[in-house]
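Student: Here it is, the structure, as structure tokens.
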Amino acid sequence: MLKKKPAACFVDNKYCPGCGHGIINRLVAEVLEEMGIYEESIGAIAVGCASLMPETFAVDCIQAQHGRAAAVAAGIKRCRPDKTVFTYQGDGDALAIGFSETMYSAIRNENITVIFVNNSNFGMTGGQMAPTTLENQKTTTTPRGRNIAETGDPLNVINMMKDLNTAYIARGSLTNNANIMKTKKYIRNAFEAQQNSEGFSFIEILSPCTTNWKMDPIKAMEHIEKNVTPVYELGVFVERGEKNA
Amino acid sequence: MEKQLMKGNEAIAEAVVRAGCKFFAGYPITPQSEILEYLSWRLPEVGGNFVQSESELAGISMVYGAAAAGFRAMTSSSGPGYSLLQEGISYIASAELPCLIINVMRYGSGLGDIFVGQSDYWQAVKNGGHGDYRSIVYAPASVKEASDLVVFGFDKAEEYRNPVTLLSDASISQMMEPVELPEMQEHNPDKFEWSLKGKGEGKARSITSVMYFQEDYDNYIAAKYKNIEKNEQLWEEIETEDAEIILVSYGITSRICNEAVELAREEGIKVGLLRPISLYPYPVRAFQKQKNVKAYISVEMTALAQMAEDVALACKMKQPVYSLAGGMEIFEASDVCNKIKEVIDGKAKEVF
Amino acid sequence: MEKLIIHKESCKSCRYCIENCPKGALYIKGDINEKGYPYVSVDHEKCTTCGICYNVCPDYVFEIQEREV
Amino acid sequence: MPNLIFAGFGGQGVLTAGLIVAKTGMDNGKNVTWIPSYGSEMRGGTANCNVKIDDGKISSPFVKQIDILVAMNVPSLAKFEPMVSSEGTIIANKSMVKDWDFRSDLKVVEVEATSIAEELNNPKGSNIVILGALAMSGQLFDKDVMEKGVEAFFASKGKNNPKNRECFLKGFECAIN
């Protein structure tokens, strides 16, 4: 089995050691390349750590405003319906400031693919609480741990989205080879759904933020297995418009 | 083209289609909603895209995407909605993309009043958004001029790769007047090297703030806007040659000033009108060439005399600047004449 | 025959590869690359070129090539 | 050339009546403006539009001194009669304006617009009846110009209803000076 980094990842990424973004960047690139569409793809890239992607990713990209990537992608896709259009966003971007743009893209069943990286905090700005931050998780704005009596529960966006009329919704993680391979399959299914004009596809990926979690990378992956995955269940939730869960 | 009687908003919307625009995303707000309503059926007729977005924030973001794809794209709003567009306008300007924004002004801040007013002058002309950018701003004074400036605005947006704002108001947009519409034209979104279309075999494009890759960005961006200021000033002068008092007014109020000039001239008062058509760049050259002027009166429908500041800057405060300001109720020519007489009689107090 | 190539300059020393290698073929000696990270090395005797290291690596360190004959 | 206000309650077609007059002005080489009452003014069921017709440039589209007021109901008279200039004209819908004490300095033309439209089986045509009365007043367009204007307006909308012509003619005929 020959393996070589995809051409889209043309220089080394700029993420922290052990950051999941590097793996996800590569998975997106591999899928686009394997499907033969990477030269015909356009990405709308979020603010946050995701914004480091265009510097190292050889696909036509636009830097969206904070939270608006799904709306920007919808504008592109509606003008250029024959191109593959995706967003690449973190949890602060897609679910806090951009909740409305994300949800309404799903509500309108826009024929785009949203790649949503859940690392349960605002990475780029220094590890503040995100909508996905776990109960009791310490962040720089929840120094005593997230108090859900004040902040509400961690946001499971797929639970909110899965009853809408969309094409494909899945959640994967990066904690081991098997999960990474599954996540890659989800990404492929999402892009295929878009190619078939089935509508909105959404892949949430549980990913480590070693720097802000102040964890060794291996420990960070263990934390996802042990503490994150029970809150954000893995699997396929909508496929070809059929609801699975 | 045959003359038609059309509402300002509908003439604007039809001109948008005729300019080859294929993308609109926006949100309802009075008094611009007819633009949205008209384009909802008209754009699909020509193979274009219409989206009623969940907010102005989303609408301008979609426009940002469509413009990046090389398409002629636009949105329209008013007052509070226009405030929400500012984030996107800043991004579009920073990424050097062309697009057209229409602001049908209303009066006052907050909820304000949906009828006549020009109180978004500062927001539109001085930029409501963040950072070092300007939007080119055109102010039509008739339904016909509004539709002409739509096409002109798209052309200028592309020439300078910069957002262009058409600053209309409730009266221009709500009234019907005879209009000859511009010719239908096609736009090719692939003609730009920079437009997002998939990299193909070439180098991947990255649309973001040009600051990140533009060498000597400060000087580059300053020179860009200096160039616009040099080349794109637009104005109309009426009876200014021997005028000792010059009214400065744009949009709907300039028409009333025009009538006031006629009335004052009948009484032998040497009054002229300077009507800025481009509000950014402000037509400072028009002020520099005035030989006989002793005073300017800025006439506008805002409580705070927003444009009077630009009049003072344009004449470098060599002449006193007076103001007739206030919204809700439109001025009558007699109000303007009274102000002129107050100035002559030394009863008015200058604002600058 | 295939061979594992390591682009040591890309390595950021996260150790995901070591953790996931089923054969225990990967290790960090302590030498550091230009970025300043102790980089990963391979024991070719143990490596089966299964590709798991490539899959779990965030930094495109690994490549599996045809071995030159 | 005159400044007009057309006023009534919603559904009486006052905006259309004003539009027909404005379009007729344009088709006869005049500068025209038409602007409707708007927003909060619209609530409560009253409607009006301002029409200006002029050989020269028109400045404000808003009418502050009315030369001709077309009033389809009593609230319209109450609101706008004070704005009519001395020697100005009011065209009133007599079906709804029964015992109004008109200002003595005005020319008044009355017509049973609502009932005539109903009699002619064109209940939505009261605005066209009143245009007949407007033509009869002699204050704006001649009868044939206005009649052509009505026909041209509906033709341009692709809804030519012969009953509109009947309404117009009956309005002209039955208007009382």
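Chains as they are written, first to last, in our numbering: chain A, 1 to 245; chain B, 1 to 352; chain C, 1 to 69; chain D, 1 to 177. Quick reminder that beta carbons are idealized off the backbone N, C-alpha and C, glycines included.
Could you work out which residue in Ala286/B, Ala157/B, Val299/B and Gly327/B is closest to Lys316/B when comparing CA atoms only?
Tutor: Checked all of Ala286/B, Ala157/B, Val299/B and Gly327/B; the closest Cα to Lys316/B is Ala286/B.
Student: Beta carbon of Leu85/B, beta carbon of Arg161/B: below 8 Å?
Tutor: No.
Student: Which of the three DSSP states, helix, strand or coil, is assigned to Ala245/A?
Tutor: Model confidence at Ala245/A stands at a pLDDT of 49, short of 50, so the residue's coordinates are unreliable; what they give is reported in the following sentence. Ala245/A falls in the coil class under three-state DSSP.
Student: Anything in the segment 26-44 of chain C with a Cβ closer than 9 Å to a Cβ of chain A? List those residues in chain order, please.
Tutor: If the cut-off is 9 Å between Cβ atoms, the segment 26-44 of chain C has Lys35 and Tyr37 near chain A.
Student: Among Ala50/A, Ala96/A, Gly152/A and Ser201/A, whose alpha-carbon lies nearest the alpha-carbon of Thr113/A?
Tutor: Checked all of Ala50/A, Ala96/A, Gly152/A and Ser201/A; the closest Cα to Thr113/A is Ser201/A.
Student: Which residues of chain B have a Cβ atom closer than 7 Å to the Cβ of Ala152/D, listed in chain order?
Tutor: Under the 7 Å cutoff, chain B gives no residues; its nearest Cβ is about 11 Å from Ala152/D.
Student: Helix, strand or coil: which one does DSSP assign to Arg205/B?
Tutor: The answer is coil: DSSP assigns Arg205/B none of H, G, I, E or B.
Student: Can you grab the Cα-Cα spacing for the pair Lys185/A / Ala25/B, in whole Å?
Tutor: Taking the straight line from one Cα to the other gives about 34 Å.
Student: Rounded C-beta distance between Arg171/A and Leu234/A? I'm assuming under 8 Å.
Tutor: Arg171/A to Leu234/A, Cβ: 5 Å. Contact.
Student: Just how far apart, CA to CA, sit Pro163/B and Tyr91/B?
Tutor: Roughly 10 Å between the two C-alpha positions.
Student: Cβ of Ile37/A within 8 Å of Cβ of Gln63/A?
Tutor: No. Outside cutoff.
Student: Report yes or no: do the segment 18-34 of chain C and the segment 154-163 of chain A share at least 3 C-beta pairs separated by less than 8 Å?
Tutor: Flag = no, the segment 18-34 of chain C and the segment 154-163 of chain A do not touch.
Student: Going by C-alpha to C-alpha distance, which of Pro81/A, Lys214/A, Gly199/A and Met181/A sits closest to Gly18/A?
Tutor: Checked all of Pro81/A, Lys214/A, Gly199/A and Met181/A; the closest Cα to Gly18/A is Lys214/A.
Student: Mind pulling the beta strand (DSSP E) runs of 3 or more residues that sit fully within the segment 5-58 of chain D?
Tutor: Segments of the beta strand (DSSP E) lying fully in the segment 5-58 of chain D: 31-36 and 46-54.
Student: What's the gap between the Cα of Ser195/B and the Cα of Ser209/B?
Tutor: Roughly 15 Å separates the two Cα atoms.
Student: From which residue to which residue does the beta strand (DSSP E) around Lys107/D run?
Tutor: Lys107 to Val111 is the extent of the beta strand (DSSP E) around Lys107/D.
Student: Any chance you could list the beta strand (DSSP E) runs of at least 3 consecutive residues sitting entirely within the segment 98-128 of chain B, in chain order?
Tutor: For the segment 98-128 of chain B, whole beta strand (DSSP E) runs of length 3 or above, ordered along the chain, are 99-105.
Student: Using 8 Å as the limit for Cβ to Cβ distance, is Arg205/B near chain A?
Tutor: Judged by the 8 Å Cβ criterion, Arg205/B is in contact with chain A.
Student: Who are the near neighbours of Gly56/D in its chain, counting only those whose CB is closer than 8 Å to its CB and skipping five residues on each side?
Tutor: Taken in chain order, the residues that qualify are Asn31.
Student: Any residues in the segment 51-80 of chain D with a beta carbon nearer than 7 Å to a beta carbon of chain B? Which ones, in chain order?
Tutor: Against chain B - using a Cβ distance shorter than 7 Å - the residues of the segment 51-80 of chain D are Lys57, Ser59, Ser60, Pro61, Phe62 and Lys64.
Student: Would Pro36/D count as contacting chain B if we go by Cβ distances under 8 Å?
Tutor: Cβ-Cβ to chain B under 8 Å: yes for Pro36/D.
Student: Helix, strand or coil for Pro162/D per DSSP?
Tutor: Helix.
Student: For Met25/B, which three-state DSSP category applies?
Tutor: In the sequence under discussion, the amino acid at residue 25/B is Ala, which differs from the Met named in the question. Ala25/B: strand per DSSP, three-state reduction.
Student: What three-state label does DSSP hand Pro75/D in the structure shown?
Tutor: Reduced to three states, the DSSP call for Pro75/D is helix.
Student: Cα-Cα, which of Leu324/B, Gln288/B and Ala124/B is closest to Ser278/B?
Tutor: The shortest C-alpha separation from Ser278/B is found at Ala124/B.
Student: In the DSSP assignment, what residue or residues form a beta bridge with Val238/A?
Tutor: Its beta-bridge partners are Ile169/A and Lys243/A.
Student: Does the segment 161-178 of chain A come close enough to the segment 76-92 of chain A to have 3 or more Cβ pairs within less than 8 Å?
Tutor: Short answer: they don't touch.
Student: Leaving out five residues before and five after Glu87/D in sequence, what residues of the same chain have Cβ atoms less than 8 Å from its Cβ?
Tutor: Cβ within range, chain order: Asp105, Leu106 and Lys107.
Student: Distance, Cα to Cα, Leu304/B vs Ser109/B?
Tutor: Cα to Cα, Leu304/B sits roughly 12 Å from Ser109/B.
Student: Name the two residues that bound the continuous beta strand (DSSP E) containing Asn33/C.
Tutor: Run containing Asn33/C: none; DSSP gives neither H nor E here.
Student: Of the choices Ile221/B, Tyr282/B, Ser323/B and Pro44/B, whose alpha-carbon is the least far from that of Tyr138/B?
Tutor: Residue Tyr282/B is the option with its Cα nearest to Tyr138/B.
Student: Report the residue from Ile245/B, Cys337/B and Leu181/B whose alpha carbon sits nearest the alpha carbon of Lys7/B.
Tutor: Cα-wise, what sits closest to Lys7/B is Leu181/B.
Student: Shortest alpha-carbon distance to Ile28/C belongs to which of Cys47/C, Lys8/C and Glu45/C?
Tutor: The shortest C-alpha separation from Ile28/C is found at Lys8/C.
Student: Out of curiosity, what's the CA-to-CA distance linking Val70/D and Glu118/D?
Tutor: Taking the straight line joining both Cα atoms gives about 19 Å.
Student: Are Ile180/A and Ile23/A touching if we call contact CB-CB under 8 Å?
Tutor: Yes, these two residues count as a Cβ contact at 8 Å.
Student: Just to confirm my understanding: we take Ser13/C, look at its own chain, exclude 5 residues before and 5 after, and list those with CB closer than 6 Å. What are they?
Tutor: The residues are Tyr37 and Pro38.
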